[in-house]
Amino acid sequence: MDQILIVGSGASAVHFALTVLKKGYEVTMLDVGYERPEVLCPEKNIDELKECLKDPVDYFLGENFESFIPPDYGAEYYGFPPNKNYVLHKPRQFDFSSSGFAPLFSFAQGGLAEVWTGGVYALNDSELDDFPFSFKELLPYYNEVAERIGMNGAKDDMLTFFPWHENLMEPLNPDYHSSMLLSSYARKKNYLNNKFGFYMGRSRVATLSHDRNDRKACTYSGRCLWGCPNGAFYTPSLTLQECKKYSAFKYVSGMYVSYFKYNKQNHITSVMAESVQDSTLHEFPVNKLVLAAGTASSSKIFLESVFRKTGEVIKLTGLMDNRQILVPFLNLKMIGKECKRDSYQYHQVAFGIKTADSREHIHGQVTTLKSALIHPIIQSFTLDLKTSIFAFGNLHSALGVINLNFHDVRRDENYISLNVDRDFSRTALLINYKPVDGEKAVMEGAMNVVKKAFLKLGCIVPVKMAHIRPMGASVHYAGTIPMSEEKTAFTASKYCQSHDFNNLYFVDGTTFPFLPAKQLTLTMMANAVRVAEEAL
Amino acid sequence: MKKSLFITGATGYIGTRLLKKINLDQYENIFCLGRKDNDVINSLSEYNNFKFIKADLSDQASYAQYLNSSDAVLHLAALTGKARPEEYFRVNSRGTEILLEQCKRSNIKHFIFVSSIAADFKDIEGYYYAHSKIAAEKIIEAGGLTYTIVRPTMVIGENSPILESLLKLAKAPVVPIFGNGRTKVQPVYIDDIVGCILSIIDNSLFQNQTLTIAGPEQITIEGFIRRLHEASYRKKLRMLHLPVRSIAKILLFLEKFLLKFLPFTAGQLASFTNDGIADRNPCFEGRGLKSTSMNEMLALAVRPEKGAVRNESDLMAECELFTNYLIGRSPDEYIQAKYLQGHAAANLEKDAGLLDAILIRTANSNSFFLKLADVYTSIFYRNAVLRKKLLLMLAILECCKATYHEVDKVSNSSGIIFGIRLFQKAFIFLLSLFISIIIFSPFRLYDARTKGPRASAELWTKS
Chain F
1 MDQILIVGSG ASAVHFALTV LKKGYEVTML DVGYERPEVL CPEKNIDELK
51 ECLKDPVDYF LGENFESFIP PDYGAEYYGF PPNKNYVLHK PRQFDFSSSG
101 FAPLFSFAQG GLAEVWTGGV YALNDSELDD FPFSFKELLP YYNEVAERIG
151 MNGAKDDMLT FFPWHENLME PLNPDYHSSM LLSSYARKKN YLNNKFGFYM
201 GRSRVATLSH DRNDRKACTY SGRCLWGCPN GAFYTPSLTL QECKKYSAFK
251 YVSGMYVSYF KYNKQNHITS VMAESVQDST LHEFPVNKLV LAAGTASSSK
301 IFLESVFRKT GEVIKLTGLM DNRQILVPFL NLKMIGKECK RDSYQYHQVA
351 FGIKTADSRE HIHGQVTTLK SALIHPIIQS FTLDLKTSIF AFGNLHSALG
401 VINLNFHDVR RDENYISLNV DRDFSRTALL INYKPVDGEK AVMEGAMNVV
451 KKAFLKLGCI VPVKMAHIRP MGASVHYAGT IPMSEEKTAF TASKYCQSHD
501 FNNLYFVDGT TFPFLPAKQL TLTMMANAVR VAEEAL
Chain D
537 MKKSLFITGA TGYIGTRLLK KINLDQYENI FCLGRKDNDV INSLSEYNNF
587 KFIKADLSDQ ASYAQYLNSS DAVLHLAALT GKARPEEYFR VNSRGTEILL
637 EQCKRSNIKH FIFVSSIAAD FKDIEGYYYA HSKIAAEKII EAGGLTYTIV
687 RPTMVIGENS PILESLLKLA KAPVVPIFGN GRTKVQPVYI DDIVGCILSI
737 IDNSLFQNQT LTIAGPEQIT IEGFIRRLHE ASYRKKLRML HLPVRSIAKI
787 LLFLEKFLLK FLPFTAGQLA SFTNDGIADR NPCFEGRGLK STSMNEMLAL
837 AVRPEKGAVR NESDLMAECE LFTNYLIGRS PDEYIQAKYL QGHAAANLEK
887 DAGLLDAILI RTANSNSFFL KLADVYTSIF YRNAVLRKKL LLMLAILECC
937 KATYHEVDKV SNSSGIIFGI RLFQKAFIFL LSLFISIIIF SPFRLYDART
987 KGPRASAELW TKS
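Structural data, given as structure tokens:
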């Protein structure tokens with residue numbers, strides 16, 4: 001049987017690999033593959049962890065206090081803890097520049113979804129309108145991925161936005177604040193639905209709510225942010241471990257893939273990778289090549305390959321990403337309540353706002369504040385720090401963050417290309433992004449609805465404190481080589497097979513022709529399984 | 537064979553340091569003459585070969601027997617600082633003469649006299665200390681004993697008298713420089729002096745010679761004061777050159793009546809008019825003795841002021857104060873160690889300006905002033921270094937098992953009590969804000985003004 005070479009080990013790469021391994025293919029996976037550090041005191045909850053660790057400050061703030069956030073911290077704050085820094089570590093071979101876009105890249109085992117918050121939302125038919133397949137065609141693969149990763153959700157008002165599929169476990173126990181929000185919504189839903197097109201329900205998350213196979217259910221340890229200690233929360237490195245059990249699977253780490261070589265018939269013959277350790281160049285023969293390094297990195301490999309062969313620097317247009325806005329809120333009914341740190345930390349509540357065009361619905365997730373570091377929040381109060389501590393203690397359980405997501409479409413002005421040195425010796429990824437005209441009005445409209453709807457739920461939403469995240473921050477990149485019925489340059493078939501190179505497949509977000517206001521990871525994984533099942 | 541050593545002035549600055557460094561095992565006996573003991577003397581007194589004789593130089597009878605059993609004498613005793621001319625001569629010249637006479641009777645083999653670079657100054661009008669030292673040197677040279685005269689230049693070390701005086705100058709709002717400031721100095725580190733002296737005694741070096749002991753680098757007096765200012769306090773340096781000769785003349789006149797009340801004497805200004813340097817530095821040549829660089833000696837000897845880059849004990853005290861202020865309890869050793877580490881890692885004081893320094897200094901006084909500075913920075917200067925320090929403290933406290941409960945807790949009080957507490961906190965906040973504006977705003981305006989229009993604008997936009 002054919003050999004398959006996969007580049008990358010992220011969410012779509014591992015599910016593609018697992019599917020083809022099951023079908024009997026021989027698979028080689030090339031990856032830089034930085035590894036997750038050991039989980040410390042896995043049995044302890046967040047408070048016990050502070051007592052168990054020898055050096056808790058080192059664990060929570062980092063060896064060089066990199067997670068200490070001073071008031072003049074200029075960069076976008078992601079809240080990644082020090083033990084997840086490995087996810088964003090870059091090999092020296094990789095370089096990039098960008099305009100209007102603040103990208104994140106991962107070269108870790110499991111990729112960027114090692115630091116995700118686990119939102120898993122299937123796309124409905126209107127959102128799949130630009131895709132060459134329907135929800136029905138994708139459904140078996142949603143079911144398959146749900147079975148593999150273990151996810152939960154509820155049949156509630158969010159069905160309007162999130163189509164149902166199989167293998168969803170019952171939802172996790174909500175924290176008190178989240179259940180307060182949901183019960184407030186239940187009382188006011190008619191008004192909210194009719195007045196604002198605002199719907200609320202349980203978010204769907206890739207976390208086990210009960211034991212399954214060799215994975216244990218969520219223990220509500222409150223350690224989600226620092227990495228789930230028992231593997232109840234899904235990350236792709238779990239599937240990578242499963243792949244490694246197959247004898248036909250060869251995982252080659254420490255390799256930074258630069259480009260592929262191809263012949264006159266546009267058939268790829270080999271992949272060139274540099275050793276991250278000593279920069280030596282290695283050639284890997286190719287039968288079928290699957291790029292799954294993430295839209296930006298897969299595009300870079302494609303661009304560099306063409307440049308090496310022809311000297312031509314091309315632009316891959318249509319880059320998409322979800323605009324996100326983070327809005328803090330204060331639930332008045334929760335003031336003065338005890339904050340329970342040992343609970344599930346990520347979002348448990350989702351909401352949707354209907355728009356005239358159903359493809360453009362706005363989605364949001366609500367994260368109530370529990371065990372995250374508090375000094376970055378305390379300093380935002382306009383009070384001296386001593387009084388701020390007093391105030392925060394009484395407001396902690398009442399605070400939360402709304403994460404609003406907006407859809408994106410492919411536009412020519414947004415592209416990925418290459419920057420090339422004068423002597424053509426080095427190339428760097430170049431990303432250019434310009435938001436669509438009228439974006440501001442759409443965001444303001446959505447914020448206005450959120451403000452009013454949450455007020456109805458008993459929450460104050462200080463819109464002025466909203467943080468519009470830079471493009472690139474949501475890390476839902478897609479669309480540079482879209483699936484297209486037409487066989488044009490820089491597009492791919494329904495089966496994500498390149499129209500430019502006949503033995504090349506893209507199974508990450510690269511081929512998405514449209515980006516709804518949802519986490520795209522579940523659909524990427526399902527699509528990767530679809531391609532593996534149907535195209536090979 | 538081991539020598540027996542007799543030391544005068546053992547409780548003075550050089551003597552104390554020398555006794556701390558000396559290896560008693562290398563000597564048969566060490567006899568120390570002094571008018572009062574100190575901790576170092578007391579700690580050495582338990583050794584059998586160490587003897588402290590509490591007496592004055594003029595009281596030969598009380599120490600003659602010990603001189604009889606000594607091989608070498610190190611004569612450090614001297615009157616320094618502010619004194620009347622006759623006192624200088626009584627102690628420094630006549631005292632030396634008395635000692636020397638007794639030494640002759642006791643057949644001392646080597647008499648080492650620590651004089652001063654001032655004995656080499658050209659212009660010593662009214663500088664009676666220098667005169668008395670010159671007189672003593674002459675007595676020794678003519679005395680007939682084998683001698684070595686050592687002239688240290690400016691002796692720098694922790695709390696050395698000259699360093700203390702210069703630091704007082706260097707930290708003044710406007711630093712007075714007497715004369716043109718181009719007079720040269722060549723400061724020497726205390727331990728290097730001690731090393732040289734011990735080497736001279738142990739190896740019977742430089743017999744019947746007078747030698748200067750200086751540090752490795754020469755610098756103008758103005759340059760040195762500038763360095764002291766940088767090392768101690770990061771405020772902008774303002775200097776004012778004053779006519780040294782006129783001031784010396786005025787002082788000389790006033791000394792006759794008001795010596796007690798003068799901050800310094802005419803003679804002490806001699807360092808601003810006479811080069812205190814050594815063309816050759818023979819003690820360090822080819823002997824492998826350490827000669828500490830100026831950077832090193834300043835780092836060792838100058839304790840930075842609060843608000844500048846500070847040492848560990850200051851930061852420990854700061855950590856103690858901050859922890860008590862924020863959560864009402866003391867930090868443990870782990871928290872203190874982490875505060876030091878975080879302070880260094882975040883390099884918190886690197887951008888500290890004048891206002892930052894004042895806020896930090898004031899805040900470090902006590903929790904009342906800390907509260908004022910905390911309130912002030914929360915409204916007017918949110919990127920203040922002080923605020924960063926407090927936040928670092930908070931970040932550490934929220935991670936530690938002993939303290940995380942304290943930084944994140946609900947007030948378990950009933951509605952009315954809670955309401956009263958809320959009102960009380962609001963009242964204290966507003967009152968503190970009012971007081972802090974009165975205290976800190978002038979500095980803020982001054983800081984903004986001296987930084988020029990651009991910096992001023994930046995400062996205002998910070999809040």
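First to last, the sequence lines map onto chains F and D. 285 is the number that my numbering gives to position 285 of the first sequence; each next residue is one higher, with no gaps. With positions in the second sequence counted from 1, the corresponding number in my numbering is that position plus 536. The C-beta atom is built at its ideal place from N, Cα and C for all residues, glycine as well. Here the structure is a predicted model, which means the values were calculated and not measured.
Scanning chain D for C-beta atoms nearer than 8 Å to the C-beta of F/L332 yields nothing, as the closest lies near 15 Å away. Within chain F, P70, P71 have C-beta atoms less than 7 Å from the C-beta of D/K924, given in sequence order. Taking D/G889 as reference, the option from D/I956, D/C935, D/D983, D/I975 with the minimal CA-CA separation is D/D983. Not flagged as an interface residue toward chain D: F/D342, since no C-beta distance is shorter than 8 Å. Shortest Cα-Cα distance from F/G445 to any of F/P435, F/V463, F/K456, F/N432 involves F/V463.
Counting only runs of 3+ residues, the beta strand (DSSP E) found wholly inside the region 409-464 of chain F occupies 415-420, 427-432, in chain order. Contact annotation: in the region 869-897 of chain D, residues whose CB is within less than 7 Å of a CB in chain F are K874, G878, A881, A882.
Beta-bridge analysis with DSSP links D/A608 to D/L541, D/H646. Between the beta-carbon of F/N45 and that of F/G222 there is about 6 Å, and that keeps the pair under the 8 Å contact cut. Taking every protein chain shown into account, the CB of D/I956 has fewer than 16 other CB atoms within 10 angstroms, so this residue is exposed. At a C-beta separation below 9 Å, D/R918 has these neighbours in chain F: P71, D72, Q379, T382.
Close CB contacts of F/Q324 within its chain, under the 7 Å cut and outside five residues either way in sequence, are with N403, L404, N405, R469, A473, S474 (chain order). Nearest CB-CB separation between F/L369 and chain D: not below the 8 Å threshold. A distance of 8 Å or more separates the beta carbons of D/I566 and D/I589. Distance from the CA atom of D/L795 to the CA atom of D/R620, rounded to whole angstroms, is 8 Å.
At least one C-beta of chain F is nearer than 8 Å to the C-beta of D/I915. Put simply, of D/L778, D/I558, D/T547, D/I863 the residue whose alpha carbon is nearest the alpha carbon of F/L385 is D/I863. A Cβ-Cβ separation of about 18 Å leaves F/L139 out of contact with F/N152 under the 8 Å criterion.
For the pair D/A806 and D/S782, the Cα-to-Cα distance works out to about 13 Å.
Relative to F/F501, the option among F/N414, F/L399, F/L303 whose CA is nearest is F/L303. F/A517 carries a coil assignment under DSSP once its states are collapsed to helix, strand and coil. Counting only the Cα atoms, D/A784 lies some 20 Å from D/A708. At least one beta carbon of chain F lies nearer than 8 Å to the beta carbon of D/V911. Distance from F/T368 to F/G393 at the Cβ level is roughly 16 Å; contact not present, criterion being Cβ atoms closer than 8 Å. Looking only at F/K354, F/E338, F/D437, F/G479, the smallest Cα-Cα distance to F/H396 is reached by F/E338. Taking all protein chains shown into account, D/F789 has fewer than 16 neighbouring C-beta atoms within 10 Å of its C-beta and is therefore exposed. In terms of Cα proximity to F/S99, the closest of F/V531, F/A441, F/M443, F/L418 is F/L418.
Pairing D/N810 with D/F657, the inter-Cα distance amounts to about 6 Å. Here the C-alpha atom of D/P723 lies approximately 56 Å from the C-alpha atom of F/P103. D/I648 places its beta carbon less than 8 Å from that of D/H611. Assigned with DSSP and collapsed to three states, D/H777 falls in strand. Residue ranges of uninterrupted beta strand (DSSP E) with 3 or more members, entirely inside the region 654-717 of chain D and ordered along the chain, are 683-688, 711-714. Going by DSSP, F/L291 is part of no alpha helix (DSSP H) but of the beta strand (DSSP E) stretching over 288-291. Taking a Cβ-Cβ cut-off of 8 Å, F/K288 has no neighbours in chain D, whose nearest Cβ is about 49 Å from it. Under the three-state reduction of DSSP output, D/I757 falls in the helix class.
In the three-state reduction of the DSSP assignment, F/G118 falls in the coil class, being assigned neither a helical nor a strand state.
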